[in-house]
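Take a look at the structure below.
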Amino acid sequence: MKELTSVKNPETVMGQPVWWHHHGTKMQVNERKTYFKKSVLAIEGSAARLSIFRASLVSTDHGDWFIGYELSHSSQCKTIGRVYLDNDHLSAAFGLNDLSGEFGDSLIERYGADSAEQGTYIRWQN
7 MKELTSVKNP ETVMGQPVWW HHHGTKMQVN ERKTYFKKSV LAIEGSAARL SIFRASLVST
67 DHGDWFIGYE LSHSSQCKTI GRVYLDNDHL SAAFGLNDLS GEFGDSLIER YGADSAEQGT
127 YIRWQN
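Residue numbers for the sequence shown follow the working numbering, beginning at 7 and rising by one.
Okay, structure coming up:
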């Protein structure tokens, strides 16, 4: 991780980045649940769900996290995946620090953002 050196405002439509989908405004934090001895924080909306959980059953100092996601495109089609983040990347993805990933500068330059990491996240403001 490195200090963020450049911030580029994204191209916007109606005040939101062009890469942003309006369903993001419908996302809400759901209550914390426990599955298979893991605590999971779910952020859900009508068309998407994020699940944040530790990558290991054993808590570690450096913090390993998985972000599981499910995006509904229609009643018959959805995309499901998972990305890995360490503590610094998780904090940056949610705007808790001003770091950007090693490979985030090209995303920031091309799409505009406050913080980004290739294949993991892109964030602009809240």
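Beta carbons are placed, not taken as given, at the ideal position from N, Cα and C, and that holds for glycine.
Being a predicted model, the structure only gives us computed values, none of them experimental.
Beta-carbon proximity of residue i to residue j, cut-off 8 Å
i    : j    : result
N93  : G69  : yes
K14  : G118 : yes
A98  : S121 : yes
N36  : E17  : no
G101 : R55  : no
S57  : G74  : yes
Beta-carbon contacts of residue i that lie in its chain and below 6 Å, excluding the five residues immediately before and after
i   : result
H28 : none
A53 : H29 and S78
Buried versus exposed call for residue i [16 or more other C-beta atoms within 10 Å across all chains shown]
i    : result
Y90  : exposed
K8   : Model confidence at K8 stands at a pLDDT of 49, short of 50, so the residue's coordinates are unreliable and nothing is read from them.
D104 : exposed
L96  : buried
L47  : exposed
E123 : buried
S112 : exposed
Any non-hydrogen atom of the ligand GTP closer than 7 Å to residue i Cβ
i    : result
G125 : The ligand GTP is not among the ligands present in this structure, which contains no ligands whatsoever.
Identity of the residues DSSP links to residue i by a beta bridge
i   : result
W71 : R60 and L91
E4  : Outside the displayed span of the chain (7 to 132) sits residue 4, for which this structure offers no information.
R55 : E50 and E76
S81 : Note: S81 sits in no beta bridge, so no partner.
I86 : E76
P23 : T18
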